[in-house]
Every structure is written in C-alpha cells, then in structure tokens.
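Remarks on the structure that follows.
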Amino acid sequence: MELFFKYLQYEKRFSPHTITSYQTDLQQFKEYLQEVYDLEDIQAADHAIIRSWVVTLVQKELDSRTIHRKVASLRSFFRFLVQRGVLEVNPTVRIKAPKLAKKLPAFIPEDAFTQLLDHSEFSTDFKGQREKLILELLYGTGMRLAELTNLKLEDINLSSSTLKVLGKGNKERILPLNPSLVQALTVYLQERKATFPKNNSPFLFVTDKEAPLYPKYVYRVVKKYMSSVSTAIKNSPHVLRHSFATHLLNRGADLGAIKDLLGHASLAATQVYTHNSIEKLKAVFEKAHPKA
Numbered sequence: 001m002e003l004f005f006k007y008l009q010y011e012k013r014f015s016p017h018t019i020t021s022y023q024t025d026l027q028q029f030k031e032y033l034q035e036v037y038d039l040e041d042i043q044a045a046d047h048a049i050i051r052s053w054v055v056t057l058v059q060k061e062l063d064s065r066t067i068h069r070k071v072a073s074l075r076s077f078f079r080f081l082v083q084r085g086v087l088e089v090n091p092t093v094r095i096k097a098p099k100l101a102k103k104l105p106a107f108i109p110e111d112a113f114t115q116l117l118d119h120s121e122f123s124t125d126f127k128g129q130r131e132k133l134i135l136e137l138l139y140g141t142g143m144r145l146a147e148l149t150n151l152k153l154e155d156i157n158l159s160s161s162t163l164k165v166l167g168k169g170n171k172e173r174i175l176p177l178n179p180s181l182v183q184a185l186t187v188y189l190q191e192r193k194a195t196f197p198k199n200n201s202p203f204l205f206v207t208d209k210e211a212p213l214y215p216k217y218v219y220r221v222v223k224k225y226m227s228s229v230s231t232a233i234k235n236s237p238h239v240l241r242h243s244f245a246t247h248l249l250n251r252g253a254d255l256g257a258i259k260d261l262l263g264h265a266s267l268a269a270t271q272v273y274t275h276n277s278i279e280k281l282k283a284v285f286e287k288a289h290p291k292a
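Here the sequence shown stands for residues 1 to 292, numbered as in the UniProt record's numbering.
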C-alpha cells in the first residue's frame, strides 16, 4: 500500500488531499476484511468480498458520491497490483457502485457576494485584510481551496494584474485580477509587511504565527461571512468557485474560457454549469413570453 501511495504522489502527481482520501478508503476496506473475513492481506480480497463491502456502505446510507470514491480508490489500487504483476486479475472489474444522483452546483445569487463585501465589517488590521482577500480571491478567480493556500508571493504580478496558480496535476495557469482584487492584494501585502517585517515565508497567506495558512481556517472564514447572506446552501470555499463560474456563464462568457479559468481538464467538467444557466433562462422565458 505504501508503494501505491508513493506511485500516486510521484508518478500520478495527485494532491496531498486526494492521497489522504485514498489512504482512508483503503484503510477502511482493510479493517472491514479483518473484522468480517478475518483476512490480514488486502490482496486476498475477491469480487464477492468487495461486493459485500459495497453493500455494507450502501446499508450505512453513505452518500452515493462517497461510495463511488471509495470504489474508485479500490479499483486504482488493484489495477496498480495487476500492473506490477502482483495479481493476474483485477477483482474490482465488475464491481458496480450505486447510481449517482445528479446535483447542480450550489451557488450564491450575484448580488449576495457584493452585499457581503459592502456590509461586512472587515477590520483594518492584518487579520481583517487577510479575511477579505480570501473571500475576494475565491470568488474573483474561481480558484480551488488548495490553490489558494499554496499561493506564493512570487505568483502575484500586480503590474500586469495577473496571478499564477498551480492546479491539479501540477498544471500552471494564469488568472486575471479585477481592480478590486488588485486593491485588496495591495492593502493585504502592505499589512503583511508591517505586521511581520522579518517574515521570510514564500507563501502569500500566513497565520498569526507566521506559518502557512491551513484549509480549516479558510473554511471558517467563508462560513463566518457567507452565513450572513446565504443560509440555504452549504457555505464552503467551493461554493464561491461554483458561483464564479455560474455568474460568468449567466453574463454570456464563453464556456471554453470558463474551462480554462477553472483549470478543468475537459469541457465536460465545465458543462455542469450550463444547467444552472438554463434554469435562469427558463425563469426569464416563463416570466416574459406571452405564450409561457
């Protein structure tokens, strides 16, 4: 298993978050083998055993997406064993996970984020400017949480109003910065330098103890401010990414351009946002068309 995780890290270049998910899934399957079948070796699992595990997950009423991810983790591991010659047959080939329920990406209304920034009281000190910049960057660029926390000072180019992001698979992309973001970045960098004049951290965001910012802090900031304008949806950093894409599409942005801004590998991943746009078009049609 350790060799598999190194393969994911160095050859597949998966993110630390993704590798942690794989580790959790495989460890849970290993514990299931020990408790139910008294098996110590995960390689001894056959199709029937793996299928019984999936049934157990369904009976526990886990979310279908979670089950799909766990099955995918197992498939990848056994595929790895076959590739390395450890096994001759992959026992997960005919394993089927439950059907996924189609969920549209959650997003906040266009005026809600503006209201959030205009009516929220951000303190003028380093902490307040850090919180404001986190919100502005997530919504203003559509970047992922991991991309935000991994931003380096050298990635920011205020003169050209752009920043460089290292996305999934170590793929770099350049994102444009709107004037509001340039201003927020300028103020934050001034406060950062004044608060920590001797700090040599390469990271854009640092904690009060001058350490790199961690994901849970970002979650707390987003929840703290978004709960004041939206209680109907899960307040997470990814909702701001969904809102970024949905609002661009609603205002006529090209789907291919949105794909590049989000760092999606294929257009299929971006097309999910067209469903939200279609719902808006239907509402306009029903309200305005004489035959609606």
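Note that the Cβ used here is the ideal one computed from N, Cα and C, for glycine as well. Since this is a predicted model, take the numbers as computed values, not measurements.
Report task. Compare the beta carbon distance of L175 and T141 with 8 Å and say whether it is the shorter of the two. Result -> Contact flag set, yes.
Query - Same chain, Cβ closer than 6 Å to F113, five either side skipped, listed in chain order - result: Once the five neighbours on either side are set aside, the close Cβ partners of F113 are Y139.
Report task. Would you check if there are 3 or more beta carbon pairs closer than 8 Å linking the stretch 266-276 to the stretch 116-136? Result -> No, they do not touch.
Query raised in the report: Do you know whose CA, among L148, E61, F107 and S228, lies nearest Y217's CA?
Result: Here the closest residue by C-alpha is L148.
Query raised in the report: Whose CA, out of I95, R241, L100 and M143, lies closest to the CA of I49?
Result: Residue nearest to I49 within the set I95, R241, L100 and M143 is I95 (criterion: CA-CA distance).
**Report entry** Environment of N170 [buried if 16+ CB atoms lie within 10 Å]
**Finding:** Label assigned to N170: exposed.
**Report entry** Close beta carbons around F14, own chain, < 6 Å, minus the five adjacent residues each side
**Finding:** Short of 6 Å from the beta carbon of F14, and not among the five residues preceding or following it, lie these beta carbons of its own chain, in chain order: L8.
Query raised in the report: Applying the criterion that 16 or more other CB atoms from any shown protein chain within 10 Å of the CB defines a buried residue, is D11 buried or exposed?
Result: In the sequence as displayed, the identity of residue 11 is Glu instead of Asp. Flag for E11 reads exposed.
Requested in this report: Provide the residue span of the beta strand (DSSP E) that contains I174, from first to last.
Outcome: Residue range E172 to P176 is occupied by the beta strand (DSSP E) that includes I174.
Query raised in the report: How long is the line joining the alpha carbons of K223 and S180, rounded to whole angstroms?
Result: Straight-line Cα distance between these residues: approximately 22 Å.
Query raised in the report: In whole angstroms, what is the alpha-carbon distance linking F196 and K30?
Result: Going from the Cα of F196 to the Cα of K30 covers about 46 Å.
Query raised in the report: Can you name, in chain order, every residue of its own chain whose Cβ lies under 6 Å from the Cβ of F126, other than the five neighbours on each side?
Result: Taken in chain order, the residues that qualify are E191 and T195.
Query raised in the report: Going by the CB atoms, is the gap between D25 and V74 shorter than 8 Å?
Result: Checking the sequence, you will find Leu at residue 74 rather than Val. A contact, by the Cβ cut-off of 8 Å.
Query raised in the report: Hey, quick one: how far does the beta strand (DSSP E) through L166 stretch, first residue to last?
Result: Counting along the chain, the beta strand (DSSP E) containing L166 begins and ends at T162 to L166.
Query raised in the report: Hey, how far is the Cα of M143 from the Cα of D38?
Result: So the two alpha carbons sit approximately 45 Å from each other.
Query - Beta bridge counterpart(s) of V55 as assigned by DSSP - result: BP columns for V55 are empty, so no partner.
Query raised in the report: Near A106, what residues of its chain come up, given a Cβ to Cβ distance below 7 Å and the 5 sequence neighbours on each side ignored?
Result: Excluding positions up to five away in sequence, the list reads I233, K234, V239 and H242.
Query - alpha helix (DSSP H) runs contained entirely in the UniProt domain "Core-binding (CB)" (1-82), provided each spans 4 or more residues - result: Positions of the alpha helix (DSSP H) runs, each at least 4 residues long and wholly inside the UniProt domain "Core-binding (CB)" (1-82), are given as 2-6, 16-32 and 47-59 in order along the chain.
Query raised in the report: In chain order, which continuous runs of the alpha helix (DSSP H) of length 4 or greater are located wholly inside the stretch 175-262?
Result: Runs of the alpha helix (DSSP H) inside the stretch 175-262: 179-195, 215-226, 237-250 and 255-262.
Query raised in the report: Grouping DSSP H, G and I as helix and E and B as strand, with all else coil, what is I108?
Result: Note: I108 maps to coil in three-state DSSP.
**Report entry** Cβ neighbour criterion (16 or more within 10 Å) applied to residue 296
**Finding:** Only positions 1 to 292 of the chain appear in this structure, which leaves residue 296 out of reach.
Query raised in the report: Cα-Cα, which of R69, V165 and R65 is closest to L100?
Result: The option with the nearest alpha carbon to L100 is R65.
Report task. Excluding the 5 residues preceding and the 5 following Y273 in the sequence, name in chain order all residues of the same chain whose CB lies nearer than 6 Å to its CB. Result -> The residues are A245, T246 and L249.
Report task. Compute the distance between the beta-carbons of L158 and V182, then report whether it is under 8 Å. Result -> Here L158 is near V182, since their CB atoms are less than 8 Å apart.
Query raised in the report: I156 by DSSP, collapsed to three states: which one?
Result: Three-state result, I156: strand.
Requested in this report: Whole angstroms is fine: what's the gap from Q43's alpha carbon to G252's?
Outcome: So the two alpha carbons sit approximately 52 Å from each other.
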